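Peer 1: For the sequence shown, the numbering used here begins at 68 and goes up steadily by one. Where is the CB? At the ideal position from N, CA and C, for every residue including glycine. In this text, all values refer to a predicted model and were calculated from it rather than measured experimentally. Dumping the structure here so I can ask a few things about it.
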Amino acid sequence: MRVLFATLLLAAGAASAADDDLRKTAAGLFGRLEAPAAVLTPEAALGRALFWDTRVSRDGKTACASCHAAATWGADTRVFPIDARGKPTARRSPSVFNSMSAASLRWVGDRKDGAAQAEGSITGSLGFDTRDVALARLKELEYLAAFRRAYPNDPDPLTLQNYGRSLAAYQATLVTPSAFDRFLGGDDNALSAKQKSGLRTFVATGCGGCHSGKLFGGTSLQRFGIVKEYWQETGSKTPDLGRYLVTKKDEDRYVFRVPILRNIAKTGPYFHDGSVATLERAVRVMASVQLGRTLDDGAAGDIVAFLESLTGEVPKHYAPPE
């Protein structure tokens, strides 16, 4: 009995040491997300109202939230969402959760931050013909008082610049810590054995080379299809030239922003064109076209299990204000 007890203690000690080593490696490569303050500032509260208000659009039926559903963790299951002009967007809508700390936004990184993204959407997906028309709509909807509360020191608070700032402030509160973050915080039981194995495989395979930082991506632009053309694996009907369409530089052909993997298990279909339906298939595609590796069922399954540990809770305030 004593021998058995000693053996169990040794095994437990070895497992704990292995967890500590894994935690140290993961903390160095990625990092831990923490939830922001629960109470919204007047600026963020204004952004919340605007984010969910369908009246602030060309058709009076489309809001920022229209392409970022709570049921799908701030993403859109449609391959090409429909904008306020009734036309499909060029690419699918990724999740807004955790996105405000990314280095740039949108699939080709052509918006430097959340405020710029929100301003751009005014004459983009929200469909207004001009910025002046959008500003007139905000005034018509009697938003002036809310803008004054949000920007009390601004003599002319109701501007489109402040519109963008307030939306960015609200979206910055949409942070979703998960089991992975609890593991980094010292909880050995936050991840299952399979998820820990998946984390090791994720790192050993080289996935963390691009999907790094607290968001597991969102900090760099990379060519999609380093080893082979991506559409050979995704089955995409029409190759997307990516960032080249913005810069016209040959080196930007098929270059996209590295997707954020937070909540990735809830935000399919995958890639800029929604060409892959399942997360396991997306993992295999990435290993093939980016790293030149073919994953066996065990490795692919373990990585998927780990990625599921990046799913956090939908913030309670991700809903229209009462």
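Is the segment 191-201 in contact with the segment 113-129, if contact means three or more CB pairs nearer than 8 angstroms?
Peer 2: Yes: the two stretches touch, three or more of their Cβ pairs being nearer than 8 angstroms.
Peer 1: Using a Cβ-Cβ cutoff of less than 8 angstroms, which residues in the same chain neighbour W140 once the five nearest sequence positions on both sides are dropped?
Peer 2: Within the same chain, W140 has close Cβ partners S162, F164, T243, N330, K333, T334, T378 and V381.
Peer 1: Whole beta strand (DSSP E) runs in the segment 206-294 with 3 or more residues, listed along the chain?
Peer 2: Entirely contained in the segment 206-294, the beta strand (DSSP E) runs reaching 3 residues are, in chain order, 288-290.
Peer 1: Could you give the first and the last residue of the continuous alpha helix (DSSP H) run that contains R324?
Peer 2: It is not in any alpha helix (DSSP H) - R324 instead sits in the beta strand (DSSP E) that spans V322 to R324.
Peer 1: For R204, which three-state DSSP category applies?
Peer 2: Residue state, collapsed to three classes: helix.
Peer 1: Would you report the Cα separation of A130 and A367, rounded to the nearest angstrom?
Peer 2: The alpha-carbon atoms of A130 and A367 are separated by roughly 37 angstroms.
Peer 1: Are there 16 or more other CB atoms within 10 angstroms of the CB of Q228, so buried, or fewer, so exposed?
Peer 2: Burial call: exposed.
Peer 1: Looking at the secondary structure, which residues open and close the alpha helix (DSSP H) in which F373 lies?
Peer 2: Element bounds for F373: D364 to E375.
Peer 1: Going straight from the alpha carbon of D177 to that of C277, what length do you get?
Peer 2: The straight-line gap from Cα to Cα measures roughly 19 angstroms.
Peer 1: Within 10 angstroms of the Cβ of V106, are there 16 or more other Cβ atoms? Answer buried if so, exposed if not.
Peer 2: When all chains shown are included, V106 counts as exposed.
Peer 1: When you compare only the Cα positions, how much space is there between T301 and P219?
Peer 2: Cα-Cα distance, rounded: 50 angstroms.
Peer 1: Are the segment 310-319 and the segment 255-269 touching, with three or more C-beta to C-beta distances below 8 angstroms?
Peer 2: No, the segment 310-319 is not in contact with the segment 255-269.
Peer 1: Below 8 angstroms between beta carbons: does that hold for T268 and A111?
Peer 2: Going by C-beta atoms, T268 is not nearer than 8 angstroms to A111.
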